[in-house]
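Numbering (the UniProt record's numbering), first residue to last: 1 to 206.
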Amino acid sequence: MLKTQYRMHPEISIFPSKEFYGGSLEDGETVKRVRPWHSHRCFGPFYFFDIDGAETRPSGSGSWVNEEEIEFIVLMYHKLATYYPELRASPQVAVISPYSYQVKLLRQHFRATFGDQSDQIVDINTVDGFQVTKPYAAFFSDANLQKMQVDLAQQKRDLKKAQTMNAVHDEMTKMESTIVNNPEENAGDMQDYGMDDDGGGGFDDD
Numbered sequence: 001m002l003k004t005q006y007r008m009h010p011e012i013s014i015f016p017s018k019e020f021y022g023g024s025l026e027d028g029e030t031v032k033r034v035r036p037w038h039s040h041r042c043f044g045p046f047y048f049f050d051i052d053g054a055e056t057r058p059s060g061s062g063s064w065v066n067e068e069e070i071e072f073i074v075l076m077y078h079k080l081a082t083y084y085p086e087l088r089a090s091p092q093v094a095v096i097s098p099y100s101y102q103v104k105l106l107r108q109h110f111r112a113t114f115g116d117q118s119d120q121i122v123d124i125n126t127v128d129g130f131q132v133t134k135p136y137a138a139f140f141s142d143a144n145l146q147k148m149q150v151d152l153a154q155q156k157r158d159l160k161k162a163q164t165m166n167a168v169h170d171e172m173t174k175m176e177s178t179i180v181n182n183p184e185e186n187a188g189d190m191q192d193y194g195m196d197d198d199g200g201g202g203f204d205d206d
């Protein structure tokens, strides 16, 4: 099981640590860095915004969009880049969404607002298409909150199953190691479980 994580700020990791690791997950020193914009609550390491918008599904598309969410993200990026212009030097800000149509509209709105150079200063992509980079700031646009809640609940169940299986595997490994390292002490236990001293089955021949 994971002991120390090196990818999330402590304000982000506190939830998975409590929910999935019983509060035992530790934070590496490299993720504790405080950025200048963290002094603003809305640009802190972790913050939720409740947008008064509605998700829609474009005709002929299986994707979802939320235009109010898009407009809000454009506004928030504008404020962030105005306060901290160094973030406009390169793609140090990411905008991520699970839905391809939402990404398409996000790119269109950013180009219309900031010009074609927005492609070079903001990395806008789907969750699957996002590259393994470390942006200084990221906006996540879920577009469809209800489906996201269902997906998160399923992932939570899957993770708990995986943790249970890992725990069982670890316990079995410990038991096997104990038997191998102390064969005489565990001979009685082996016979109790229907096993001979040689490891074979303890059933009598007919």
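Glycine included, each C-beta is placed from N, C-alpha and C at the ideal position.
Next item on the list: Return the CA-CA distance between S59 and Q5, expressed in angstroms with no decimal places.
Entry: 42 Å
Item checked: Between the CA atoms of A138 and L106 - distance to the nearest angstrom -> 14 Å
Note to self: Using 8 Å as the cut-off, can you tell me whether the region 85–101 makes contact with the region 39–52, which would need three or more C-beta pairs spanning the two stretches below that distance?
What the structure shows: No, they do not touch.
Checklist line | Simplified DSSP state of L51, which is helix, strand or coil | finding: Looking at the sequence itself, residue 51 is Ile, so the reference to Leu does not match. Here I51 sits in coil by DSSP.
Check: Are Q120 and S97 close, meaning C-beta to C-beta below 9 Å?
Finding: no
Item checked: Distance between beta carbons of V65 and H109, contact taken as under 8 Å -> No, H109 and V65 are not in contact; Cβ-Cβ is about 11 Å, not under 8 Å.
Note to self: Assuming T126 and V103 are in contact, meaning their beta carbons sit under 8 Å apart, how far apart are those beta carbons, in whole angstroms?
What the structure shows: Confirmed, Cβ separation roughly 5 Å.
Check: DSSP three-state call for F139: helix, strand or coil?
Finding: strand
Margin query: What does the alpha-carbon distance come out to for the pair G28 and S118?
Written below: 33 Å
Check: So what's Q5 in DSSP terms, helix, strand or just coil?
Finding: strand
Margin query: Short of 8 Å in beta carbon distance, which residues of its chain neighbour S13, apart from the five on each side in sequence? Order them along the chain.
Written below: Q5, L25, D27 and V31
Margin query: Taking the alpha carbon of G129 as the reference point, which residue from E68, N144, G115 and A94 has its own alpha carbon closest?
Written below: A94
Check: Where does Q92 land, buried or exposed, given buried means 16+ other C-beta within 10 angstroms?
Finding: buried
Notebook entry, point to check: What is the residue span of the beta strand (DSSP E) that D123 lies within?
Noted result: V122 to T126
Notebook entry, point to check: If we call anything under 9 Å between Cβ atoms a contact, is F43 one with H9?
Noted result: Result no, Cβ atoms of F43 and H9 do not sit closer than 9 Å.
Item checked: Ordered list of alpha helix (DSSP H) runs contained in the region 3–83, each at least 4 residues -> 10–20 and 67–83
Next item on the list: With a 10 Å radius around its C-beta and 16 neighbouring C-beta atoms as the bar for buried, classify S39 as buried or exposed.
Entry: exposed
Checklist line | S90 (DSSP reduced to helix, strand or coil) | finding: coil
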